[in-house]
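Okay, so here's the structure we're looking at.
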Amino acid sequence: MVCTGKDMALAAQLIREGKLVAFPTETVYGLGADAFNAATVARVFETKERPSFDPLIVHISSIDQLDELFLGPIDPRVYKLAEAFWPGPLTIVHNKQPHVPDLVTSGLSTVAVRMPSHPMALELIRQSGKAVAAPSANKFGCLSPTKAEHVIKQLKTIDYVLDGGATTIGVESTVVSVSEAGVKILRHGAIIREAIANVVDVIDEKDKVDTQGLPAPGMIKSHYSPLKPLYILKEGIPETLPAGSGIIVNDARVMPHLPEVKNMALSQDGDLNEMAVNLFATLHAMEDDEQVREIYIQPVEEKGIGRAIMDRLRKASYNYQK
Ligand code: AMP
Ligand code: MG
Numbered sequence: 293m294v295c296t297g298k299d300m301a302l303a304a305q306l307i308r309e310g311k312l313v314a315f316p317t318e319t320v321y322g323l324g325a326d327a328f329n330a331a332t333v334a335r336v337f338e339t340k341e342r343p344s345f346d347p348l349i350v351h352i353s354s355i356d357q358l359d360e361l362f363l364g365p366i367d368p369r370v371y372k373l374a375e376a377f378w379p380g381p382l383t384i385v386h387n388k389q390p391h392v393p394d395l396v397t398s399g400l401s402t403v404a405v406r407m408p409s410h411p412m413a414l415e416l417i418r419q420s421g422k423a424v425a426a427p428s429a430n431k432f433g434c435l436s437p438t439k440a441e442h443v444i445k446q447l448k449t450i451d452y453v454l455d456g457g458a459t460t461i462g463v464e465s466t467v468v469s470v471s472e473a474g475v476k477i478l479r480h481g482a483i484i485r486e487a488i489a490n491v492v493d494v495i496d497e498k499d500k501v502d503t504q505g506l507p508a509p510g511m512i513k514s515h516y517s518p519l520k521p522l523y524i525l526k527e528g529i530p531e532t533l534p535a536g537s538g539i540i541v542n543d544a545r546v547m548p549h550l551p552e553v554k555n556m557a558l559s560q561d562g563d564l565n566e567m568a569v570n571l572f573a574t575l576h577a578m579e580d581d582e583q584v585r586e587i588y589i590q591p592v593e594e595k596g597i598g599r600a601i602m603d604r605l606r607k608a609s610y611n612y613q614k
């Protein structure tokens, strides 16, 4: 059984000792490991069954830690973005220092770094005295965890789960790369494109950015999936669904009451941020309900954080198109 609690000193000590500690961030729970301990980082990949070509995000608690991760001279746009969005859900990809383990970066010459805003995440990193590599604390390709219980459901062999309750944003960080080619969004997330474009120029998503011949990270087509078929409802809310279905609408006010169907809503009144907060927990609830055999979900409007929600839903439903 995985040990769970709120013991910060123990969690920090375990990170220092090269153990795996899941911890809350404002986006989703992360699976933390000392980023400079290659053996521990290897265990992260093993535990998550994550392919070695999908690099990890390194989490820091102080801007001073950037120098041990990013190779100088650091592009001034990195500092502009950090000043605007850190601590917070923005991950910056930039040239790495040679001593950052290749395992962390999947052999790329860049490393992804973020300073989370969750007080428990910041405190854990600070007390451990380490840069903490932390992918989402789930099995690769499966639903992301927004509560400690979601972590325990999927990862049975980690050393500790620091329980901070439910996360407050619910979808992963926005990932941007800063390179000579410009600033490009690699993954949509909690910080919306318009906010980033207010701080630095953002190059068009269709423009090529150097991914060094590897599958562009964050662009894996099937990801974030429940262990049951998930379908996006393309033509509104249906009047009937097969018995044993689950339906997730985005606004409780339009909740249908279909017989023998589990009905859930992502928000009370159509607020996109509330939908993001509830997205993964709602999918987990559908996954856990033995009565539900397949899940139908209403798409959301693709503006603001809605873009990140739809990115997750398209990947989560990738193997199930109707
Ligand atoms: P996760 O930690 O599971 O939320 O996923 C981290 C995301 O950051 C993935 O989409 C990675 O592919 C992406 N990422 C991490 N490092 C890099 C990098 N050096 N270049 C591009 N993307 C990266
Ligand atoms: Mg993930």
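All residue numbers for the sequence shown refer to the working numbering, where the first residue is 293 and numbers rise by one.
All C-beta atoms in this analysis are idealised placements derived from N, C-alpha and C, irrespective of residue type, glycine included.
Thinking C-beta only, is residue j closer than 8 angstroms to residue i?
i	j	result
residue 605	residue 591	yes
residue 467	residue 369	no
residue 325	residue 424	yes
residue 463	residue 568	yes
residue 583	residue 614	no
residue 300	residue 415	yes
residue 337	residue 454	no
residue 538	residue 587	yes
residue 478	residue 385	yes
Going by beta carbon distance, what residues of the same chain come within less than 8 angstroms of residue i, once the five residues before and after it are set aside?
i	result
residue 517	433, 434, 435, 607, 608, 609, 610, 611
residue 358	352, 366, 370, 374, 405
Which of the three DSSP states, helix, strand or coil, is assigned to residue i?
i	result
residue 430	coil
residue 569	helix
residue 315	strand
residue 529	coil
residue 382	strand
residue 607	helix
residue 334	helix
residue 574	helix
Can you name, in chain order, every residue of its own chain whose Cβ lies under 7 angstroms from the Cβ of residue i, other than the five neighbours on each side?
i	result
residue 387	362, 363, 401, 402
residue 417	351, 352, 353, 424
residue 347	396, 397, 398, 400, 404, 509
So is residue i buried or exposed if we call it buried at 16+ other beta carbons inside 10 Å?
i	result
residue 546	exposed
residue 490	exposed
residue 506	Bear in mind that the predicted position of residue 506 carries a pLDDT of just 48, short of 50, making it too unreliable to give a figure here.
residue 504	Below a pLDDT of 50, predicted positions are generally treated as unreliable, and residue 504, at 49, falls in that range; the measurement from the model is reported next regardless. When all chains shown are included, residue 504 counts as exposed.
residue 526	exposed
residue 389	exposed
residue 585	exposed
residue 448	exposed
Per the DSSP calculation, residue i is bridged to which residue(s)?
i	result
residue 388	362
residue 463	Residue 463 pairs with nothing; no bridge assigned.
residue 537	553, 586
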